[in-house]
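First the structure, in the form of structure tokens, and then the observations on it.
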Amino acid sequence: MVAEMIDKDVLKQYGIFQDNILSIKPADKVGNTAIKIWFIKQKDTSKIFVLKMVKLKHKQFPIELQHLLHHNGFGTPSVYRTEKGELYISSKKGYYFLSEYVEPNEKLSTKQRTKALADFHRIARFRELKVIKEKIQFPNFQQFNRVYNNKLIDLKKWHSSVKKDERKAYLGEMINQAETSLGILKTCNVEEYIKAMTARNSICHGDYNARNSYLNSEGETMVIDFDRAYFGLPIDDFRFLVHSLASRSDHVQKLDFLFDEYFSHSPEDKKFKPLYLADTIFPHQFHKQMTRNLKGKAIKNLKKINTEEFMNWIEVERRKKSYVMEKLYL
1 MVAEMIDKDV
11 LKQYGIFQDN
21 ILSIKPADKV
31 GNTAIKIWFI
41 KQKDTSKIFV
51 LKMVKLKHKQ
61 FPIELQHLLH
71 HNGFGTPSVY
81 RTEKGELYIS
91 SKKGYYFLSE
101 YVEPNEKLST
111 KQRTKALADF
121 HRIARFRELK
131 VIKEKIQFPN
141 FQQFNRVYNN
151 KLIDLKKWHS
161 SVKKDERKAY
171 LGEMINQAET
181 SLGILKTCNV
191 EEYIKAMTAR
201 NSICHGDYNA
211 RNSYLNSEGE
221 TMVIDFDRAY
231 FGLPIDDFRF
241 LVHSLASRSD
251 HVQKLDFLFD
261 EYFSHSPEDK
271 KFKPLYLADT
281 IFPHQFHKQM
291 TRNLKGKAIK
301 NLKKINTEEF
311 MNWIEVERRK
321 KSYVMEKLYL
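Numbering follows the UniProt record's numbering, in which position 198 of the sequence shown is assigned residue number 198; successive positions increment by one, without gaps.
This is the structure in structure tokens:
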């Protein structure tokens with residue numbers, strides 16, 4: 001039944017025929033509903049391939065990106081060409097592409113995960129992919145500032161809408177934290193950073209979670225799943241990792257590794273470190289969680305948010321600010 005989910009002609013175009021297929025298994029969990037993944041095992045070689053289908057709206061960007069990364073020595077599975085030499089197969093359902101299966105053997109340490117991200121940002125600068133215009137998301141200086149200011153406006157709106165709820169004080173704390181961040185950002189050369197990243201053709205992974213990076217059986221770092229990748233500012237990926245590490249019990253040590261390792265492998269970006277630190281203070285994730293849970297509805301729905309969950313959001317934001325201030329990086 002599973003095999004019927006795959007267009008028969010797709011595998012044939014890679015020279016893989018039904019009589020030499022031992023099994024076809026769909027992936028257990030796929031975070032993005034616009035993506036389908038199958039693991040295909042051959043009879044004669046026992047080799048496993050990964051067949052992936054991305055929806056047409058994703059374009060062929062992640063496929064060509066993975067191919068170029070592998071070709072340029074970055075640790076990611078190779079993308080196989082069809083017998084006609086194509087990297088992917090276009091259909092009404094989406095883009096199919098076949099890659100090697102590299103089995104995860106071990107999780108990355110914080111240092112390894114940070115180095116892999118720095119390496120990705122150093123290598124993933126492929127100007128030739130800009131023909132896929134939908135994936136170009138570089139902001140200008142005004143747009144960059146607007147994102148922060150709009151989030152601050154939301155925080156103030158939520159705060160003013162709460163009357164006697166005990167969470168009003170916490171919202172006020174997040175406003176102060178955002179304003180502290182913005183005050184420091186004004187001293188950073190944001191415009192120079194944006195221009196440098198745009199000129200560099202920098203690409204963001206867009207979903208750099210712990211599941212998308214690992215060590216293979218030979219101890220090599222592998223990074224996968226570029227479906228949410230786009231041309232943009234590397235600070236977006238860095239911010240995601242900051243929040244992930246700030247959630248850990250040993251967050252001070254983890255954040256030390258992050259800032260030390262990332263900029264040691266990205267020496268050309270050391271001058272922008274104050275910008276990254278200022279951004280670390282801003283309560284981005286708190287704003288994201290509030291927006292997600294309120295779902296555009298009245299602030300009265302704030303009471304429906306689990307207290308423990310709400311306080312966890314606050315605590316992580318506090319940790320980030322405390323880390324930056326106490327370490328006297330600025």
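The beta-carbon is built from N, C-alpha and C at its ideal position, and this holds for glycine as well.
Please classify residue i as buried or exposed, where buried requires at least 16 other C-beta atoms within 10 Å of its C-beta.
i                : result
asparagine 140   : exposed
phenylalanine 17 : exposed
proline 283      : buried
alanine 124      : buried
glutamine 177    : buried
glycine 183      : exposed
glutamine 142    : exposed
lysine 29        : exposed
glutamate 326    : exposed
lysine 133       : exposed
alanine 3        : Residue placement at alanine 3 is poorly supported in this model, since its pLDDT is 42, which falls under 50; the coordinates are not used for a value here.
asparagine 212   : buried
leucine 69       : buried
arginine 146     : exposed
glycine 219      : exposed
glutamine 285    : buried
arginine 113     : buried
aspartate 269    : buried
histidine 67     : buried
glycine 85       : exposed
alanine 27       : exposed
According to DSSP, is residue i helix, strand or coil?
i                : result
proline 104      : coil
tyrosine 193     : helix
proline 283      : coil
serine 78        : coil
phenylalanine 49 : strand
serine 99        : strand
serine 91        : coil
glutamine 66     : helix
valine 10        : helix
serine 109       : coil
tyrosine 208     : coil
serine 213       : strand
valine 30        : coil
tyrosine 329     : For tyrosine 329, the pLDDT reaches just 49, beneath the cut-off of 50, and the residue's location in the model is therefore unreliable, leaving the point undetermined.
methionine 1     : Legend: pLDDT at methionine 1 = 35, less than 50; position of this residue unreliable, no value from coordinates given.
isoleucine 16    : coil
glutamate 218    : coil
Among the candidates the options, whose CA atom is the shortest distance from the CA of residue i?
i                : options                           : result
tyrosine 80      : Phe240, Met53 and Phe49           : Phe49
leucine 275      : Ser202, Glu128, Leu233 and Lys130 : Leu233
aspartate 236    : Cys204, Tyr148 and Phe257         : Cys204
methionine 10    : Ile132, Glu64 and Tyr88           : Checking the displayed sequence, the identity of residue 10 turns out to be valine instead of methionine. Measuring from the Cα of valine 10, the nearest candidate turns out to be Tyr88.
valine 242       : Leu51, Asp225, Arg228 and Glu261  : Glu261
phenylalanine 39 : Leu98, Glu220 and Gly206          : Leu98
arginine 127     : Ser46, Lys47, Tyr148 and Arg200   : Arg200
lysine 115       : Gln289, Glu308, Phe74 and Gly85   : Phe74
lysine 59        : Phe263, Ala246 and Asp227         : Asp227
phenylalanine 61 : Lys84, Ser91 and Lys130           : Lys130
lysine 41        : Asn20, Leu56 and Lys57            : Asn20
lysine 55        : Lys25, Ser46 and Ser91            : Ser91
Taking CB distances under 8 Å as the criterion, tell me whether residue i reaches chain C.
i            : result
cysteine 188 : No chain C is part of this structure, which consists of one protein chain only.
Under 8 Å between the Cβ atoms of residue i and residue j?
i                 : j                 : result
phenylalanine 231 : isoleucine 314    : no
tyrosine 14       : threonine 110     : no
residue 332       : histidine 251     : Not covered by the structure: residue 332. The range shown for the chain is 1 to 330.
threonine 76      : methionine 311    : no
methionine 174    : glutamate 64      : no
histidine 210     : lysine 107        : Inspection of the sequence shows that residue 210 is occupied by alanine rather than by histidine. Against a cut-off of 8 Å, the Cβ pair of lysine 107 and alanine 210 comes out as a contact.
isoleucine 299    : valine 162        : yes
methionine 197    : phenylalanine 238 : no
alanine 169       : glycine 206       : no
serine 217        : glutamate 103     : yes
histidine 265     : serine 202        : no
aspartate 165     : lysine 295        : no
leucine 51        : tyrosine 96       : yes
phenylalanine 263 : valine 190        : no
alanine 277       : leucine 258       : What sits at residue 277 in the sequence shown is leucine, not alanine. Cβ distance not < 8 Å, so leucine 277 and leucine 258 don't count as in contact.
tyrosine 193      : leucine 117       : no
threonine 280     : lysine 320        : yes
Counting along the chain, where does the alpha helix (DSSP H) carrying residue i start and finish?
i                 : result
phenylalanine 263 : 251 to 265
lysine 168        : 168 to 185
valine 316        : 307 to 326
leucine 155       : 141 to 161
Assuming residue i is part of the beta strand (DSSP E), what are its boundary residues?
i           : result
proline 234 : Element bounds for proline 234: n/a, residue is neither H nor E.
proline 26  : 21 to 26
lysine 36   : 35 to 42
valine 131  : Looking at the DSSP string, valine 131 is not in any beta strand (DSSP E), and its letter there is neither H nor E.
valine 223  : 221 to 223
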